[in-house]
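Q: With the UniProt record's numbering, letter number 198 in the sequence shown gets 198, and the count goes up by one each step, no holes.
Cβ atoms here follow ideal geometry from the backbone N, Cα and C, with glycine treated the same way.
Just so we're clear, the structure is a prediction, and the values are computed from it rather than from any experiment.
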Amino acid sequence: MNILENIFKKFIKPNKKIISTAVILGGFYLFQQHLNLKKTKSQIIPQKDQKKKNEENQNPPNQSQTLDLIYNETVRARDVPDEYKQFVGAEQDIDFVLQEYGMGRKEVKESLQKYLKGMRRARGDGNCFYTSFCFQYLGYILNKASVQEFQDFISMVDTLPFSVIHNNIEYEQNDEMKQSFKQYCQIIRSIQENRNQNFFDLFSDPQGQFYGLSIIFLRNLAYKFCQENDEIRSLLQAEGPFLKELLLTWNKECLSMEGVIKSLSHKLNIQTTLLRINSQTNNISQEQYNQIPNPKLIIYLVQGQGFYFIGIPQNQS
Numbered sequence: 001m002n003i004l005e006n007i008f009k010k011f012i013k014p015n016k017k018i019i020s021t022a023v024i025l026g027g028f029y030l031f032q033q034h035l036n037l038k039k040t041k042s043q044i045i046p047q048k049d050q051k052k053k054n055e056e057n058q059n060p061p062n063q064s065q066t067l068d069l070i071y072n073e074t075v076r077a078r079d080v081p082d083e084y085k086q087f088v089g090a091e092q093d094i095d096f097v098l099q100e101y102g103m104g105r106k107e108v109k110e111s112l113q114k115y116l117k118g119m120r121r122a123r124g125d126g127n128c129f130y131t132s133f134c135f136q137y138l139g140y141i142l143n144k145a146s147v148q149e150f151q152d153f154i155s156m157v158d159t160l161p162f163s164v165i166h167n168n169i170e171y172e173q174n175d176e177m178k179q180s181f182k183q184y185c186q187i188i189r190s191i192q193e194n195r196n197q198n199f200f201d202l203f204s205d206p207q208g209q210f211y212g213l214s215i216i217f218l219r220n221l222a223y224k225f226c227q228e229n230d231e232i233r234s235l236l237q238a239e240g241p242f243l244k245e246l247l248l249t250w251n252k253e254c255l256s257m258e259g260v261i262k263s264l265s266h267k268l269n270i271q272t273t274l275l276r277i278n279s280q281t282n283n284i285s286q287e288q289y290n291q292i293p294n295p296k297l298i299i300y301l302v303q304g305q306g307f308y309f310i311g312i313p314q315n316q317s
């Protein structure tokens, strides 16, 4: 029985006499109002759900007690001048950075200027490679990547355990860290104005956890990718420690970073340019990883005096 038949039955008296047309029309009006009310409610509910989702994205991510402990025993335990406390420094010209680290020879500067217009300092510790790489990779994902690329990135994050090793203790399956990292990324991605500056402020903040979560993310990603490659896994394990210990230990450096760079570049489908400064010969050696036509991102790393720096290419606006 359809809706109209139901309506007409309601307006027929038991003695089979049809009531007045005015009453029937009134019934139609009331029924239409009922449909409109249902439609309005159905629209309000998704709007409330979206509003709730937006509010959740704007709430500060939960702070990890494990990461806070690691910060207290590493980052906060070092007494460094204020200008070196940030995890990533402000953009500087090449000459400034080279002079600061005792590499300010004319030949080195001129060689670097063929590729770069400036540099950023990465905090000098065992995470400096991951800092330099991750800052550029996340800068692309959060500021320039398409909607689909960002969704693929979040899906990739979901596959990682966010494990971290500190003081020979492995903290496994840190789901809270993973959720906080995703929330940070979604918040930054939703910013309409000055997004890149907000990203820099959050990443470089020595009191905030976004940096630490980012490093743990990249270390877990590097471990996953290197574990899947027999050649790179063998190369790294030749250093002695187990691969997990080598790549997941907070602040631990790796002598064979080329294997990590190669693996990350290939799997993420990006290109990496490594510029090595030889302070004794004043020469610059260049190595390209995963050279591809029209790369969506080229990461520039400058290595010298035991540190990695973030290179700013000539064509970057």
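Sorted by chain position, which residues of the same chain lie with C-beta nearer than 6 Å to T249's C-beta, five sequence neighbours on each side aside?
A: I165
Q: Identify whether K163 lies in helix, strand or coil by the three-state DSSP scheme.
A: Reading off the sequence shown, one finds Ser at residue 163, where the question assumed Lys. Note: S163 maps to coil in three-state DSSP.
Q: Do you know whose CA, among Y223, Q148, F200, N168, lies nearest L160's CA?
A: Taking only the C-alpha atoms, the option nearest L160 is Y223.
Q: Please state whether the Cβ-Cβ distance between V88 and F242 is less than 8 Å.
A: In this structure, F242 does not lie closer than 8 Å to V88 by Cβ.
Q: So, do the region 177–196 and the region 108–120 have three or more beta carbon pairs nearer to each other than 8 Å?
A: no
Q: Report all residues from its chain with a CB closer than 8 Å to the CB of Q179; omit the five preceding and five following residues, and keep chain order.
A: Same-chain partners within the cutoff: P61, N62.
Q: Taking the beta strand (DSSP E) that V302 falls in, what are its first and last residues?
A: 298–304
Q: Assuming contact is defined by CB atoms lying nearer than 8 Å, are G126 and N220 in contact in what I supplied?
A: no
Q: Can at least three beta-carbon pairs, one atom from the region 277–296 and one from the region 70–77, be found at a separation below 8 Å?
A: no
Q: Out of Q197, S64, S111, which has the shortest C-alpha to C-alpha gap to T281?
A: Of the candidates Q197, S64, S111, the one whose C-alpha sits nearest the C-alpha of T281 is S111.
Q: Might you give, ordered along the chain, the residues of its own chain that have their beta carbon closer than 7 Å to the beta carbon of R105, omitting 5 neighbours on each side?
A: If the five residues before and after R105 are omitted, its C-beta is found closer than 7 Å to the C-beta atoms of N282, all from its own chain and listed in chain order.
Q: Pick from R276, N59, R233, S163: whose alpha carbon is nearest that of Q303?
A: R276
Q: For G311, is the classification buried or exposed, using 16 other Cβ atoms within 10 angstroms of its Cβ as the cut-off for buried?
A: buried
Q: Is V157 helix, strand or coil when you go by DSSP?
A: helix
Q: So, under 8 Å CB-CB, S256 and L235 are touching, yes? Tell me the CB distance rounded to an integer number of Å.
A: 5 Å
Q: Can you give me the start and stop residues for the beta strand (DSSP E) that F203 sits inside?
A: Counting along the chain, F203 falls outside any beta strand (DSSP E), though it belongs to the alpha helix (DSSP H) covering 195–204.
Q: What first and last residue would you give for the alpha helix (DSSP H) that runs through L274?
A: From DSSP, L274 is part of no alpha helix (DSSP H) but of the beta strand (DSSP E) over 271–278.
Q: Look at M156 and I216 and say whether their C-beta atoms are less than 8 Å apart.
A: no
Q: To the nearest angstrom, how far is the alpha carbon of S263 from that of L142?
A: 22 Å
Q: Is DSSP giving Q288 helix, strand or coil here?
A: strand
Q: Tell me whether A122 sits in a helix, a strand or coil according to DSSP, three-state version.
A: strand
Q: Among D93, L67, Y84, Y211, whose alpha-carbon lies nearest the alpha-carbon of L138?
A: Cα-wise, what sits closest to L138 is Y211.
Q: Would you kindly work out how many angstroms separate the C-alpha atoms of R233 and K267, rounded to a whole number?
A: C-alpha separation (whole angstroms): 15 Å.
Q: Cutting at 7 Å between CB atoms, please list the residues of its own chain near L98, excluding the five before and the five after it.
A: G104, V108, K109
Q: By Cβ distance, which residues of its chain are closer than 7 Å to M119, with the 5 residues on each side in sequence left out?
A: Q92, I94, V97, V302, F309, I310, G311, I312
Q: Going by C-alpha to C-alpha distance, which of T66, L69, G124 sits closest to E83?
A: G124
Q: So, helix, strand or coil for N59, using DSSP?
A: Coil at N59, not helix or strand.
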